[in-house]
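Engineer:
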Amino acid sequence: MIRWGFRLAIALAGAAFVFFQISPAPAQSVAVDVELVLAVDVSASIDRTEVDLQRAGYLSALTQPAVVDAMLSGPLGRIAVTFIEWSKTQRTVIGWTIIDSPQAAQAFAAAVAAQPQPPGGLTSIRGALDFSVASIEANGIEGTRRVIDLSADGRDWEGDGQIVAAARQRALDRGIVINGLAIRPDLEQTEVEGVKYDLNGYFHAFVVGGPGSFTMVVENPADFPQTVAKKLILEIAGLPDAERSAISN
1 MIRWGFRLAI ALAGAAFVFF QISPAPAQSV AVDVELVLAV DVSASIDRTE
51 VDLQRAGYLS ALTQPAVVDA MLSGPLGRIA VTFIEWSKTQ RTVIGWTIID
101 SPQAAQAFAA AVAAQPQPPG GLTSIRGALD FSVASIEANG IEGTRRVIDL
151 SADGRDWEGD GQIVAAARQR ALDRGIVING LAIRPDLEQT EVEGVKYDLN
201 GYFHAFVVGG PGSFTMVVEN PADFPQTVAK KLILEIAGLP DAERSAISN
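The opening position of the sequence shown corresponds to residue 1 in my numbering, with each subsequent residue numbered one higher.
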């Protein structure tokens, strides 16, 4: 059912893309309310159904009225977003794009949906963070806030949390906030080489950071689209802790 629904979403989004073209960020500096990297885990531990689920979830979330309203409601009325998929290597699926209208959000989602599925690989959160930081630094955009939205269903393959924490610090040193999306953390509640891991706790210890940073958890695959929508609203709006808690609960 998930795979059929995703194919239908791609077909609908593809039809929309015929009418609306993406507005890529210009080479010269442009001001936006938020620079947002959507860094999505496609490592081998994410099966094809979960890849479909993530793509469909972002497709749905990016076109929800509440999310679009958040994108357009800042002082400048626009954000810049890019979609990156990562495992041990990283690739930019859709480059930096200015979202300044519902049509632009629809076109961006359609472009994501139209991309072929990537091969899997090892999970390199460190690599994903460094790649995302480099993308932000080179995009020619001036955002009031700069945010990396990173999803993952496991720990970094190198096994040393401090390596990931060092990548986090490199992002924080550049004023970039990192938020996390932990996918099915129950899968990490198992012993590996005699050590019990907690993915949500791992995110807080080594991955997320910066003012107002947070992690959201997807326990049930069916909850993914709505969880992503809530997360996008929170990180785009940059709400205070109390308001953020009210939305996320």
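Cβ coordinates follow ideal geometry from the N, Cα and C atoms, glycine included. No experiment lies behind these values; they were computed from the predicted model shown.
Is there contact here, the region 198-213 with the region 158-178, by at least three beta-carbon pairs under 8 Å?
Structural biologist: yes
Engineer: Measuring from the CB of residue 41, is there a heavy atom of the ligand GTP at a distance below 8 Å?
Structural biologist: As far as ligands go, the structure on display features none, and thus does not contain the ligand GTP.
Engineer: Label residue 35 either buried or exposed according to how many other C-beta atoms from any shown protein chain fall within 10 Å of its C-beta, with 16 as the threshold for buried.
Structural biologist: buried
Engineer: Shortest alpha-carbon distance to residue 60 belongs to which of 163, 234 and 110?
Structural biologist: 110
Engineer: Does the distance from the CB of residue 73 to the CB of residue 141 come in under 9 Å?
Structural biologist: By the CB criterion at 9 Å, residue 73 and residue 141 fall outside the cutoff.
Engineer: Here's the rule I'm using: 16 or more other beta-carbon atoms within 10 Å means buried, otherwise exposed. How should residue 219 be labelled?
Structural biologist: exposed
Engineer: What is the rounded straight-line gap between the Cα of residue 129 and the Cα of residue 38?
Structural biologist: Roughly 11 Å between the two C-alpha positions.
Engineer: Within the continuous alpha helix (DSSP H) that includes residue 200, where are the two ends?
Structural biologist: Start and end: 199-202.
Engineer: Can you give me the C-alpha to C-alpha distance between residue 43 and residue 137, rounded to a whole angstrom?
Structural biologist: 25 Å
Engineer: Less than 9 Å between the beta carbons of residue 147 and residue 98, yes or no?
Structural biologist: no
Engineer: Once you ignore the five residues that flank residue 96 on each side, which residues in its own chain have a CB closer than 6 Å to its CB?
Structural biologist: Excluding positions up to five away in sequence, the list reads 25, 80, 82 and 139.
Engineer: Just tell me which of 173, 235 and 153 has its CA closest to the CA of residue 200.
Structural biologist: 153
Engineer: Only counting runs of 3 or more residues, tell me where the beta strand (DSSP E) segments fall wholly within the region 130-183, in order along the chain.
Structural biologist: If we require 3 residues or more, the beta strand (DSSP E) runs fully inside the region 130-183 come out as 141-152 and 176-183.
Engineer: Go through its chain and collect everything with a Cβ distance to residue 71's Cβ below 7 Å, but skip five positions before and after it.
Structural biologist: Result list for residue 71: 79, 99, 105 and 236, in chain order.
Engineer: Run the CB neighbour count on residue 66, radius 10 Å, all protein chains shown included, and call it buried at 16 or more, exposed below.
Structural biologist: exposed
Engineer: Hey, how far is the Cα of residue 180 from the Cα of residue 94?
Structural biologist: 20 Å
Engineer: Alpha carbon to alpha carbon, what distance is there between residue 114 and residue 215?
Structural biologist: 28 Å
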